Amino acid sequence: MDSMLTGALIGAGTALVVMVVMIVLRKPVKCAACGLEQPKMRKPANMEQAMWGGYTCVGCGANLDAKGNVKAK
4 MDSMLTGALI
14 GAGTALVVMV
24 VMIVLRKPVK
34 CAACGLEQPK
44 MRKPANMEQA
54 MWGGYTCVGC
64 GANLDAKGNV
74 KAK
């Protein structure tokens, strides 16, 4: 039982480290409409942004995909 718990904790810790490194080292996304750089820690405005990535521009409010391109409403 202890070896299973240890393995689960090591796996969870490794996943957390990988996620933090991916967030910190991610290339900044710029809004295609106004050119403003988006924050690294994003707050999804809807379920589509949460699942597939994307932003609501902090400058102009445009709906952006994960690469910063403006999406049609």
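Residue numbers (the numbering used here): 4 to 76. Even for Gly, the Cβ is constructed at its ideal location relative to N, Cα and C. Given the structure is predicted, the values throughout are model-derived calculations rather than measurements.
Could you spell out the range, first to last residue, of the alpha helix (DSSP H) harbouring residue i?
i, result
"M8", "Rather than Met, the amino acid found at residue 8 in this sequence is Leu. Its alpha helix (DSSP H) spans residues D5 to L28."
"Q41", "Looking at the DSSP string, Q41 is not in any alpha helix (DSSP H), and its letter there is neither H nor E."
"A53", "M50 to W55"
When the Cα atoms are used, what is the spatial distance from residue i to residue j?
i, j, result
"Q41", "A75", "19 Å"
"G77", "K70", "Coverage of the chain is limited to positions 4 through 76, which leaves residue 77 absent and any answer about it impossible."
"A15", "M25", "15 Å"
"V61", "M54", "20 Å"
"E51", "M7", "35 Å"
"D5", "N66", "47 Å"
Within the same chain, show all residues whose beta-carbon is closer than 6 Å to that of residue i, passing over the 5 residues directly before and after it, in chain order.
i, result
"G56", "A69"
Taking buried to mean at least 16 other C-beta atoms within 10 Å of its own C-beta, is residue i buried or exposed?
i, result
"V27", "exposed"
"V32", "buried"
"L19", "exposed"
(message) Counting beta carbon pairs with one atom in the region 5-25 and one in the region 38-48, are three or more of them shorter than 8 Å?
(response) Short answer: they don't touch.
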